[in-house]
Amino acid sequence: MLTTTLRKVGGSVMSTVPPAILGLLHLRAGETVGVTVDGGPLVIEPTRTPRSSLDQLLAQCNPSAEAGDEDRAWLDDRPVGRE
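Going letter by letter, the sequence shown gives residues 1 to 83 in UniProt numbering.
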């Protein structure tokens, strides 16, 4: 088990996470994690945004919806790079 020291920073108490643990969890500085207490132990775990499948995204679309002027201009526009 790795240990870390709690430090006071302003009005909060912070803990550092060793790089080895960040690597195992595929986390980087600035990412959001969930913090809970589970029967005594403090549990910190990654929070992931659920990914939608293409079918789920397409089910939200209205195929009979008319394209607006901005959408039509974008569709009719010429390439600007190497796309």
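Glycine residues also receive a C-beta, built at the ideal position from the N, C-alpha and C atoms.
- Put simply, the stretch 43–59 touches the stretch 12–32. At least three CB pairs are less than 8 Å apart.
- Setting aside the 5 residues that flank it on each side, Leu58 has no residue in the same chain whose C-beta is closer than 6 Å to its C-beta.
- Annotation: the continuous alpha helix (DSSP H) that includes Pro19 extends over 19–25.
- Rounded to whole angstroms, Leu25 and Glu31 show a C-alpha spacing of 11 Å.
- Boundaries of the alpha helix (DSSP H) harbouring Arg72: 69–76, taken from the DSSP string.
- Between the alpha carbons of Glu66 and Gln60 lies a gap of roughly 15 Å.
- Asp71 and Asp77 have their alpha carbons spaced roughly 10 Å apart.
- Here DSSP, grouped into helix, strand and coil, assigns Leu42 to strand.
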